[in-house]
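Engineer: Residue numbers (this note's numbering): 1041 to 1361.
Even for Gly, the Cβ is constructed at its ideal location relative to N, Cα and C.
Mind having a look at this structure? Questions to follow.
Below you can see the structure in the form of structure tokens.
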């Protein structure tokens, strides 16, 4: 079954995505995403975390047809068609939007197009292999499960080079994805019960949102927590020392660059010190005073940000045990 077609990135599209797990959500669900884990995904589905459409996300959507066309130039024996968003036969808790469904000599498969910055090329293997990052594999395995197809390609555009990775369906993985997605929607998203935080996978921002409403209570540390605090203190001290040394090095290099644009150190890299125009700022408070805007009108346009928590470390007091 195909889901209704909604404009990509629109308010209706965003609202609709809260009602199911999509193939692109599965890496978070399985804790193999660089963007967060299950708690992050829960907060997105519940509207507690808003995903802003970034230029990189827009570029991926814009370049998708070109990447697919480039792939087909290398595989003229394939034909391709768009299929829209497909709902899993077991229910509308799991969907997949494939970039293209391709047909070739060996049957029907999936083509997933990715636009990736060259600095992440080291995460990918040789073209033609199955050596793609886990988050990309999890996404296409979900597509296999939803569309009941057995093979596909992930075509990756690095800007100056196109690579492709052949992936075969793993039915056990697909079944696990289906069950996990169903349980996640049933046990967490629909009733509004957040999953337990996973510090190894969930972002600090997601964990912070989970524990808003802080009391004034201070807990006593057990041995494991004591070790964490000591390491936290060491890391912060090293960070401060590195920051101070960085400022010293900036000053030393600045005196060597002078009015030049930068220094080229060959194998050691380059240090550039360009000059930028001053930033323009607007004095809205001054404008309000100049125009004598009434206080009640000003109040209508005041926006209060979401609450937040800031973690700080304080060294122990002298004589503390």
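1. With three or more beta-carbon pairs closer than 8 Å as the criterion, would you say the segment 1174–1182 touches the segment 1065–1072?
2. Please tell me whether residue 1311 and residue 1302 are closer than 7 Å, where the distance is taken between their beta carbons.
3. Under 6 Å Cβ to Cβ from residue 1152, same chain only, skipping five residues before and after it: list those, please.
4. With DSSP as the reference, label residue 1122 as helix, strand or coil.
5. By the DSSP assignment, the beta strand (DSSP E) with residue 1133 in it spans what residues?
6. I want to know whether the segment 1180–1190 touches the segment 1092–1106 - three or more CB-CB distances under 8 Å.
7. Less than 8 Å between C-beta atoms, sequence neighbours within five positions excluded: which residues of the same chain meet that for residue 1164?
8. Less than 7 Å between the C-beta atoms of residue 1236 and residue 1214, yes or no?
9. Measure the alpha-carbon distance for residue 1141 versus residue 1122 and round it to whole angstroms.
10. Based on the DSSP secondary-structure assignment, which residues constitute the bridge partners of residue 1204?
11. With C-beta atoms as the reference, is residue 1131 less than 7 Å away from residue 1045?
12. Just to confirm, is the Cβ distance from residue 1254 to residue 1083 under 7 Å?
13. Per DSSP, what kind of secondary structure is residue 1114 in: helix, strand or coil?
14. Closest to residue 1106 by C-alpha separation, out of 1061, 1154 and 1127, would be which residue?
15. May I have the straight-line CA-CA distance separating residue 1119 from residue 1052, to the nearest angstrom?
16. Can you tell me whether residue 1187 is buried or exposed, with buried defined as 16 or more other CB within 10 angstroms of its CB?
17. Can you check whether the CB of residue 1134 is closer than 7 Å to the CB of residue 1061?
18. Check for me: the beta strand (DSSP E) holding residue 1140 runs from which residue to which?
19. Shortest alpha-carbon distance to residue 1158 belongs to which of 1279, 1307 and 1198?
20. Near residue 1109, which residues of its chain fall below 8 Å by C-beta distance, leaving aside the five closest residues on each side in sequence?
21. Got a sec? Which residues, its chain only, sit under 7 Å from residue 1077 by beta carbon, not counting five neighbours each side?
22. Judging by CA-CA distance, which residue of 1319, 1269 and 1098 is the nearest neighbour of residue 1354?
23. Using the C-alpha atoms, what's the distance from residue 1313 back to residue 1320?
24. Does residue 1169 come out as helix, strand or coil in the three-state DSSP assignment?
25. Are residue 1296 and residue 1088 closer than 7 Å when you measure CB to CB?
26. Residue ranges of each alpha helix (DSSP H) run of no fewer than 4 residues wholly in the segment 1211–1279, ordered along the chain?
27. In chain order, what residues of the same chain lie with their CB nearer than 8 Å to the CB of residue 1148, ignoring the 5 residues before and after it?
Structural biologist: Result, derived from the coordinates:
1. yes
2. Numbered from 1 along the chain shown, position 271 holds the residue referred to as residue 1311. Numbered from 1 along the chain shown, position 262 holds the residue referred to as residue 1302. It is a contact, given that the beta carbons lie within the stated cut-off.
3. Taking the first residue of the chain shown as 1, we reach residue 1152 at position 112. Cβ within range, chain order: 1139, 1180 and 1194.
4. Locating residue 1122 in the chain shown gives position 82, counting from the first residue. Reduced to three states, the DSSP call for residue 1122 is coil.
5. Within the chain shown, the letter at position 93 stands for residue 1133. Premise fails: residue 1133 is in no beta strand (DSSP E) and is neither H nor E.
6. no
7. The residue labelled residue 1164 in the question sits at position 124 within the chain shown. The residues are 1156, 1171, 1172, 1173, 1196, 1203 and 1205.
8. The count along the chain shown starts at 1 and reaches residue 1236 at position 196. The count along the chain shown starts at 1 and reaches residue 1214 at position 174. Not a contact, by the Cβ cut-off of 7 Å.
9. Within the chain shown, the letter at position 101 stands for residue 1141. Within the chain shown, the letter at position 82 stands for residue 1122. The straight-line gap from Cα to Cα measures roughly 6 Å.
10. Numbered from 1 along the chain shown, position 164 holds the residue referred to as residue 1204. In the DSSP output, where bridge partners are listed per residue, residue 1204 has 1195.
11. Position 91 of the chain shown holds residue 1131. Position 5 of the chain shown holds residue 1045. Result no, Cβ atoms of residue 1131 and residue 1045 do not sit closer than 7 Å.
12. Taking the chain shown and counting its residues from 1, the one referred to as residue 1254 is at position 214. Taking the chain shown and counting its residues from 1, the one referred to as residue 1083 is at position 43. Cβ distance not < 7 Å, so residue 1254 and residue 1083 don't count as in contact.
13. Here residue 1114 refers to the residue found at position 74 when the chain shown is read from its first residue. If DSSP states are grouped into helix, strand and coil, residue 1114 belongs with the helices.
14. Counted from its first residue, the chain shown places residue 1106 at position 66. Measuring from the Cα of residue 1106, the nearest candidate turns out to be 1154.
15. Translated into positions along the chain shown, residue 1119 becomes position 79. Translated into positions along the chain shown, residue 1052 becomes position 12. Each residue's Cα considered, the two are about 32 Å apart.
16. The residue given as residue 1187 occupies position 147 in the chain shown. Residue 1187 comes out buried.
17. Counting from 1 along the chain shown, the entry for residue 1061 is found at position 21. Counting from 1 along the chain shown, the entry for residue 1134 is found at position 94. Yes, Cβ-Cβ distance for residue 1061 and residue 1134 is below 7 Å.
18. Sequence index remark: in the chain shown, residue 1140 carries index 100 (1-based). Run containing residue 1140: 1140–1144, per the beta strand (DSSP E) assignment.
19. Residue mapping note: residue 1158 aligns to position 118 of the chain shown, counting from 1. Ranking the options by Cα distance to residue 1158, first place goes to 1198.
20. For the purposes of this step, residue 1109 is taken as residue 69 along the chain shown, with counting starting at 1. Excluding positions up to five away in sequence, the list is empty.
21. Stepping through the chain shown from its first residue, residue 1077 is reached at position 37. Closer than 7 Å at the Cβ level, and outside the excluded window around residue 1077, lie 1068, 1071, 1238, 1241 and 1242.
22. Here residue 1354 refers to the residue found at position 314 when the chain shown is read from its first residue. Here the closest residue by C-alpha is 1269.
23. Here residue 1320 refers to the residue found at position 280 when the chain shown is read from its first residue. Here residue 1313 refers to the residue found at position 273 when the chain shown is read from its first residue. Near 21 Å, if we compare the C-alpha coordinates of residue 1313 and residue 1320.
24. Locating residue 1169 in the chain shown gives position 129, counting from the first residue. Coil, per DSSP.
25. The sequence position of residue 1296 within the chain shown is 256, counting from 1. The sequence position of residue 1088 within the chain shown is 48, counting from 1. In this structure, residue 1088 does not lie closer than 7 Å to residue 1296 by Cβ.
26. 1211–1224 and 1244–1250
27. Position 108 of the chain shown holds residue 1148. Closer than 8 Å at the Cβ level, and outside the excluded window around residue 1148, lie 1141, 1142 and 1189.
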